[in-house]
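**Q** So the protein lines, in turn, are chains Y and Z. Number 207 in our numbering belongs to position 207 of the first sequence; there are no gaps in the numbering. The number in our numbering is simply the position in the second sequence, starting from 1, with 1000 added. We put the CB at the ideal spot given by N, CA and C, even for glycine.
There are 2 protein chains.
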Amino acid sequence: MTAFDDLMAFQRQTEALASIAGRLGWDQETVMPRGAAAQRGEEMAAIEAVLHARRIDSRVGDWLETAEAPDPAAQASLRLIRHSYDRATKVPADLATEIARATSVAQGIWAEARRADDFAAFAPTLETVLMLKREEAAAMAGDGDLYDALLDGFEPGMTGAGLEAMFGALRPRLLALREAVLGSSHQPAPLQGDYAEVQQLMLSHEMAEAFGYDFHRGRIDKAVHPFSSGSGADVRITTRTAPHDPFNCIYSTIHEVGHAAYEQGVDPAYALTPLGQGVSMGVHESQSRIYENQLGRSRAFTGYLYGRMTALFGDIGVSDADAFYGTVNRVAPGFIRTEADEVNYNLHILLRFDLERALIAGDLAPADLPDAWNARFEADFGVRVDRPSHGCLQDVHWSVGLFGYFPTYTLGNVYAGCLHQALRAAVPELDGQLAQGDTSAATVWLRDRLQVHGGLRLPRDTIAHACGFEPSEGPLLDYLEAKFTRLYRL
Amino acid sequence: MTAFDDLMAFQRQTEALASIAGRLGWDQETVMPRGAAAQRGEEMAAIEAVLHARRIDSRVGDWLETAEAPDPAAQASLRLIRHSYDRATKVPADLATEIARATSVAQGIWAEARRADDFAAFAPTLETVLMLKREEAAAMAGDGDLYDALLDGFEPGMTGAGLEAMFGALRPRLLALREAVLGSSHQPAPLQGDYAEVQQLMLSHEMAEAFGYDFHRGRIDKAVHPFSSGSGADVRITTRTAPHDPFNCIYSTIHEVGHAAYEQGVDPAYALTPLGQGVSMGVHESQSRIYENQLGRSRAFTGYLYGRMTALFGDIGVSDADAFYGTVNRVAPGFIRTEADEVNYNLHILLRFDLERALIAGDLAPADLPDAWNARFEADFGVRVDRPSHGCLQDVHWSVGLFGYFPTYTLGNVYAGCLHQALRAAVPELDGQLAQGDTSAATVWLRDRLQVHGGLRLPRDTIAHACGFEPSEGPLLDYLEAKFTRLYRL
Chain Y
1 MTAFDDLMAF
11 QRQTEALASI
21 AGRLGWDQET
31 VMPRGAAAQR
41 GEEMAAIEAV
51 LHARRIDSRV
61 GDWLETAEAP
71 DPAAQASLRL
81 IRHSYDRATK
91 VPADLATEIA
101 RATSVAQGIW
111 AEARRADDFA
121 AFAPTLETVL
131 MLKREEAAAM
141 AGDGDLYDAL
151 LDGFEPGMTG
161 AGLEAMFGAL
171 RPRLLALREA
181 VLGSSHQPAP
191 LQGDYAEVQQ
201 LMLSHEMAEA
211 FGYDFHRGRI
221 DKAVHPFSSG
231 SGADVRITTR
241 TAPHDPFNCI
251 YSTIHEVGHA
261 AYEQGVDPAY
271 ALTPLGQGVS
281 MGVHESQSRI
291 YENQLGRSRA
301 FTGYLYGRMT
311 ALFGDIGVSD
321 ADAFYGTVNR
331 VAPGFIRTEA
341 DEVNYNLHIL
351 LRFDLERALI
361 AGDLAPADLP
371 DAWNARFEAD
381 FGVRVDRPSH
391 GCLQDVHWSV
401 GLFGYFPTYT
411 LGNVYAGCLH
421 QALRAAVPEL
431 DGQLAQGDTS
441 AATVWLRDRL
451 QVHGGLRLPR
461 DTIAHACGFE
471 PSEGPLLDYL
481 EAKFTRLYRL
Chain Z
1001 MTAFDDLMAF
1011 QRQTEALASI
1021 AGRLGWDQET
1031 VMPRGAAAQR
1041 GEEMAAIEAV
1051 LHARRIDSRV
1061 GDWLETAEAP
1071 DPAAQASLRL
1081 IRHSYDRATK
1091 VPADLATEIA
1101 RATSVAQGIW
1111 AEARRADDFA
1121 AFAPTLETVL
1131 MLKREEAAAM
1141 AGDGDLYDAL
1151 LDGFEPGMTG
1161 AGLEAMFGAL
1171 RPRLLALREA
1181 VLGSSHQPAP
1191 LQGDYAEVQQ
1201 LMLSHEMAEA
1211 FGYDFHRGRI
1221 DKAVHPFSSG
1231 SGADVRITTR
1241 TAPHDPFNCI
1251 YSTIHEVGHA
1261 AYEQGVDPAY
1271 ALTPLGQGVS
1281 MGVHESQSRI
1291 YENQLGRSRA
1301 FTGYLYGRMT
1311 ALFGDIGVSD
1321 ADAFYGTVNR
1331 VAPGFIRTEA
1341 DEVNYNLHIL
1351 LRFDLERALI
1361 AGDLAPADLP
1371 DAWNARFEAD
1381 FGVRVDRPSH
1391 GCLQDVHWSV
1401 GLFGYFPTYT
1411 LGNVYAGCLH
1421 QALRAAVPEL
1431 DGQLAQGDTS
1441 AATVWLRDRL
1451 QVHGGLRLPR
1461 DTIAHACGFE
1471 PSEGPLLDYL
1481 EAKFTRLYRL
């Protein structure tokens, strides 16, 4: 056994244990008895402790010093193991423990504060979590930027400055588009009526199949918040239903199928290695978004969906497929990120990116967060936030220490825009297929160009390799402007 | 931190990790996608490797040398940790790895051999597993008996000689009862008809509730083979349905509720300690058996069940509650242990006990197993075994190295007989309650006398403490003879 073999054998076991931890998370959100929460907390802590000990195991450092990679995939594995090892070993053990402890209680406090619409009840907790995360960032950053050190955990190679430039280019055109759309005299009608759960779930399964989800290596369950979980041969998704909003169920499913397709699409040879998963949050989100939006909300595919919905539910109060396309893509004002349409969504993210960067830099005090949030929201959305649960208390992320995570949502949209442009060039007959509910040309292209490579390349290079050009925000903006200019007859 | 505190903190994490491994097993048998089997195998191997390393961790040995127990529960915890540590450290690492590897492939080979009714295809595998288990037993036994060393893993404190005496007393009276029952001119009719799955599952849930299963800390799913899984705050059970045999679903559920009630009933203060689970296989089985048989198949409770079944299914072709009692408790010849009634069941176990003890002692060669099995079967059951899948290939246990496990089933029946005698004395009005579907007096008595104590006492002492007398086979025999003499009008 060479050092490389030893390291990869050790890593393989670590990946298997990490997969188990992920499966426990799935269990918790889908099937776990309610009374088991405290016990599950101890179980999760126990396996996280095992994983942490393995990630900072000094043998990994020793192996990394002498391991020689026989091929490019092995080189990439070594790079990813080194990246994880360097980050983990830079954080003092006491600090890592304290962050785990603080964030595990913070989520409950945040949930209660949001329920009570009481920012003051959450402020001290946010202060503690922020302080700890700044300490952690400082330990990892060395002389570098604190925010970049956190971002590097979700999107290796990306920087705050790089995002600032990209988001700076997005914001004015998104604001202009938003204003034009909301001011248009043509406004698509929202969907009306009641939609039985059993039929929503049938349709949801049908959509998962249409988008190539492999049920032999996955399953769909219900959960409060839809998510995708697992990698390789066991990638499960969840969805939810609301009687008046079947689109929630349908598009949550298609979104999660995008995430799952990435995991199911990775080369099986990479299973249980560092290459065996999606390479970053941003690239992952590019898959969920292109499935959900550029494909799933296209005129062609919504035409097919309209037929399926009227076949299943009878008259849904929408006159024809053109009107249905407008209804699916309706742009509406709103406070809540997770309910936002394609035009509004990224503006919610840009706001969070600027605020969390200021929090981490120390330029914004947690106590001042609501005012800063509300001022920015009014500037971008033209409405005053009426309560904290509609403002800075709406998202769980910061309570659990996820600083640097939000921008990957918009990065995913930007990447989806690039992939969509390249896909359209590669598959000119795509709309004809989507109109028949056949996504195979698109999903196979995405699998072969991107998903199959897993963690082989850096995130940005993964997109560039798939597209054949360097990613930028241009294709997303062009797509959004073209789509919504036509839809809203601007 | 004292050595005792350190040890208990370490052990707590080990218990939590073991609980995770159990949860993965549940997942595998209920919800796992079929394509995930190979990946799950690697996950299970990874967490088992972590658990094994912790069980033989030299720190445990160091702590055990100096740890001082502050109270009886702590003393019992130390005794159990020492028991596990001594057993695990006596087995050479290479042998432990080889057993894990061999038994993991053996199960598939056994299943295929049983399907093909081909003992020769399984014989070399059995030979290998037996050789490895004999080596393991020798490593653990020192100068002691090989079979006792294996038995000690399932039923601490019990010996092969002790079982031989007990089973020697059981066999003639069981054989005589069996002969009398099958020769009786009065034979209850079997159940006829089709029973819809959805109603079987409804009734199954109702029975679980009737027997006090706590759904807040558990759930019921379907599985090919019913089982109970987990401890403390998350104890799940499974059941199955067959259209012509609703008793299978109902009594599988009640049986598993018995196992689950034990785990759910343990003092929460013992959670994630060595005391936090059922103390042995035999005591565990006493709970499932007394729930299923002495309570669930009693004249009083079957009277209640008859009412529920006719309410749910309409006319089930059984004239009245007395006839129904006979139908539920019908004794029939058969080759298969898992389908056996109360009279036949233990005879199946006695056969296996004698044969596996001879295999481990080296007095019976694996190649001679079918002949030995068939001769004994014909002697006890009066019928020739017609094919290996009806004989020595019917059970999975030996293929996965479970030698010493079978006798705990009959031990459970013997213990259930003792507990039932004590329970009847303590709750004279029991039948009146059971006739109303109210099992609470019985289940609370079992919880308070036995289940709550978890692993505090040795298995036999656990039964003696609950009953107030030393356990023996007498009460079970008396119960069976009285019940079936009346039922079959002998």
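1. Consider the Cβ of Y:L17: report whether some Cβ of chain Z lies at a distance smaller than 8 Å.
2. Going by DSSP, name the residue or residues bridged to Z:R953.
3. Measure from the C-beta of Y:P33 to each C-beta in chain Z and report whether the shortest distance is under 8 Å.
4. Between which two residues does the beta strand (DSSP E) carrying Y:D221 extend?
5. Put Y:T238 into one of helix, strand or coil per three-state DSSP.
6. Check whether the Cβ of Z:E1042 lies closer than 8 Å to any Cβ atom in chain Y.
7. Please look up how many angstroms separate the CB atoms of Y:T159 and Y:S204, rounded, as I've assumed it's under 8 Å.
8. Any idea which residues DSSP pairs Y:S229 with across the strands?
9. For the segment 229–243 of chain Y, which residues have a CB atom closer than 8 Å to at least one CB atom of chain Z, in sequence order?
10. Report the rounded CA-to-CA distance for Y:E285 versus Z:I1360, giving the unit in angstroms.
11. Excluding five sequence neighbours on each side, which residues of the same chain lie with their C-beta closer than 7 Å to the C-beta of Y:A106?
12. Between Y:P156 and Y:S280, is the Cβ-Cβ spacing less than 8 Å?
13. Measuring CB atoms only, is the segment 483–490 of chain Y touching the segment 430–448 of chain Y, in the sense that at least three cross pairs come out at less than 8 Å?
14. Less than 8 Å separating the beta-carbons of Y:R240 and Y:R219?
15. Nearer than 7 Å: is that true of the beta carbon of Y:A323 relative to any heavy atom of the ligand ATP?
16. Determine contact between the segment 63–81 of chain Y and the segment 7–21 of chain Y, defined as no fewer than three beta-carbon pairs at a distance below 8 Å.
17. Going residue by residue through the segment 1055–1123 of chain Z, where are the continuous alpha helix (DSSP H) segments of at least 4 residues, counting only ones entirely within it?
18. Roughly how many angstroms lie between the CA atoms of Y:A113 and Y:L393, to the nearest whole one?
19. Just mark Z:G1193 as buried or exposed, buried being the case when its beta carbon has 16 or more other beta carbons within 10 Å.
20. Write down every uninterrupted run of the beta strand (DSSP E) in the segment 1326–1396 of chain Z whose length is 3 residues or greater and which is fully enclosed by it, in chain order.
21. By the three-class DSSP mapping on this structure, what secondary structure does Z:I1316 have?
22. For Y:A96, does the count of other Cβ atoms within 10 angstroms reach 16, so buried, or fall short, so exposed?
23. Say whether chain Y places a C-beta atom closer than 8 Å to the C-beta of Z:Q1200.
24. In angstroms, rounded to a whole number, what distance separates the CA positions of Z:G1168 and Z:E1473?
25. Any idea what DSSP makes of Y:Y291, helix, strand or coil?
26. Counting only beta-carbon separations shorter than 8 Å, does Y:R23 have a partner in chain Z?
27. Check whether chain Z comes within 8 Å of Y:H259, counting only Cβ atoms and requiring the distance to be less than that.
28. Compare the Cα-Cα distances from Y:L174 to each of Y:N346, Y:H52, Y:G108 and Y:S288 and report the closest residue.
29. On the three-state DSSP scale, how would you describe Z:E1429?
30. Quick check on DSSP: helix, strand or coil for Y:G534?
31. Applying a beta-carbon distance threshold of less than 8 Å, which residues of chain Y neighbour Z:A1216?
32. With DSSP collapsed to three states, give me the class of Z:V1266.
33. Can you tell me where the alpha helix (DSSP H) holding Y:R486 begins and where it ends?
34. At 4 residues or longer, what runs of the alpha helix (DSSP H) sit wholly inside the segment 1146–1192 of chain Z?
35. Under a CB-based cut-off of 8 Å, is Z:V1224 close to chain Y?
36. By a C-beta neighbour count over all protein chains shown, 10 Å radius and 16 as the cutoff for buried, is Y:H225 buried or exposed?
**A** This is what the structure gives:
1. Here residue 17 of chain Y corresponds to residue number 17 of the first sequence, with the count starting at 1. Yes, Y:L17 counts as interfacial toward chain Z.
2. Nothing in the structure corresponds to residue 953 of chain Z, since chain Z is present only between 1001 and 1490.
3. Taking the first residue of the first sequence as position 1, residue 33 of chain Y is located at position 33. Yes, its Cβ sits closer than 8 Å to a Cβ of chain Z.
4. Position 221 of the first sequence, counted from the first residue, corresponds to residue 221 of chain Y. Boundaries of the beta strand (DSSP E) harbouring Y:D221: I220 to K222, taken from the DSSP string.
5. Taking the first sequence and counting its residues from 1, the one referred to as residue 238 of chain Y is at position 238. If DSSP states are grouped into helix, strand and coil, Y:T238 belongs with the strands.
6. In the second sequence, the residue the question calls residue 1042 of chain Z occupies position 42. Answer yes: the Cβ-Cβ gap between Z:E1042 and chain Y drops below 8 Å somewhere.
7. What you label residue 159 of chain Y is simply residue 159 of the first sequence in a count that begins at 1. What you label residue 204 of chain Y is simply residue 204 of the first sequence in a count that begins at 1. About 38 Å separates the CB atoms of Y:T159 and Y:S204; that is not less than 8 Å, and the two are not in contact.
8. Taking the first sequence and counting its residues from 1, the one referred to as residue 229 of chain Y is at position 229. Paired residues: Y:R236.
9. If the cut-off is 8 Å between Cβ atoms, the segment 229–243 of chain Y has G232, A233, D234 and R236 near chain Z.
10. In the first sequence, counting from the first residue as 1, residue 285 of chain Y sits at position 285. In the second sequence, counting from the first residue as 1, residue 1360 of chain Z sits at position 360. Their backbone Cα atoms lie some 58 Å apart in a straight line.
11. By one-based count along the first sequence, residue 106 of chain Y stands at place 106. Closer than 7 Å at the Cβ level, and outside the excluded window around Y:A106, lie T125, V129, S399 and V400.
12. For the purposes of this step, residue 156 of chain Y is taken as the residue at position 156 of the first sequence. For the purposes of this step, residue 280 of chain Y is taken as the residue at position 280 of the first sequence. Cβ atoms of Y:P156 and Y:S280: closer than 8 Å.
13. The segment 483–490 of chain Y is not in contact with the segment 430–448 of chain Y.
14. What you label residue 240 of chain Y is simply residue 240 of the first sequence in a count that begins at 1. What you label residue 219 of chain Y is simply residue 219 of the first sequence in a count that begins at 1. No, Cβ-Cβ distance for Y:R240 and Y:R219 is not below 8 Å.
15. Absence of the ligand ATP is noted for the structure shown, with no ligands found whatsoever.
16. Three or more beta-carbon pairs separated by less than 8 Å link the segment 63–81 of chain Y to the segment 7–21 of chain Y, which places the two stretches in contact.
17. Along the length of the segment 1055–1123 of chain Z, whole alpha helix (DSSP H) runs at least 4 residues long occupy 1058–1066, 1072–1090 and 1093–1116, reported in chain order.
18. Locating residue 113 of chain Y in the first sequence gives position 113, counting from the first residue. Locating residue 393 of chain Y in the first sequence gives position 393, counting from the first residue. Rounded to the nearest angstrom, the two C-alpha atoms are 8 Å apart.
19. Stepping through the second sequence from its first residue, residue 1193 of chain Z is reached at position 193. The residue is exposed, with fewer than 16 neighbouring Cβ atoms inside 10 Å.
20. If we require 3 residues or more, the segment 1326–1396 of chain Z turns out to have no beta strand (DSSP E) run fully inside it.
21. To locate residue 1316 of chain Z, count along the second sequence from 1; it is residue 316. It is coil, neither helix nor strand.
22. Taking the first sequence and counting its residues from 1, the one referred to as residue 96 of chain Y is at position 96. With at least 16 other beta carbons inside 10 angstroms of its own, Y:A96 counts as buried.
23. The sequence position of residue 1200 of chain Z within the second sequence is 200, counting from 1. Output row for Z:Q1200: interface = no.
24. Along the second sequence, one-based indexing puts residue 1168 of chain Z at 168. Along the second sequence, one-based indexing puts residue 1473 of chain Z at 473. If I take the Cα positions, the gap works out to 10 Å.
25. For the purposes of this step, residue 291 of chain Y is taken as residue 291 along the first sequence, with counting starting at 1. The three-state reading of DSSP puts Y:Y291 in helix, counting H, G and I together.
26. Position 23 of the first sequence, counted from the start, is the residue given in the question as residue 23 of chain Y. At least one chain Z Cβ lies under 8 Å of Y:R23.
27. For the purposes of this step, residue 259 of chain Y is taken as the residue at position 259 of the first sequence. No, because no Cβ of chain Z sits closer than 8 Å to the Cβ of Y:H259.
28. By 1-based counting over the first sequence, the position of residue 174 of chain Y is 174. If we check each option's Cα against that of Y:L174, Y:N346 comes out closest.
29. Taking the first residue of the second sequence as position 1, residue 1429 of chain Z is located at position 429. Coil at Z:E1429, not helix or strand.
30. The question about residue 534 of chain Y has no answer, for chain Y in this structure spans 1 to 490.
31. As a working note, residue 1216 of chain Z is residue 216 in the second sequence. For the record, residue 1216 of chain Z in the displayed sequence is His; it is not Ala. For Z:H1216, the C-beta contacts it makes with chain Y under 8 Å involve P33, R34 and G35, in order along the chain.
32. The count along the second sequence starts at 1 and reaches residue 1266 of chain Z at position 266. Three-state result, Z:V1266: coil.
33. Working through the first sequence from its first residue, we reach residue 486 of chain Y at position 486. Counted as a single uninterrupted DSSP element, the alpha helix (DSSP H) harbouring Y:R486 occupies residues G474 to L487.
34. Runs found: 1146–1151 and 1160–1183.
35. The residue labelled residue 1224 of chain Z in the question sits at position 224 within the second sequence. With 8 Å as the cut-off, Z:V1224 does not count as an interface residue toward chain Y.
36. Numbered from 1 along the first sequence, position 225 holds the residue referred to as residue 225 of chain Y. Counting Cβ neighbours within 10 Å, Y:H225 comes out exposed, since fewer than 16 surround it.
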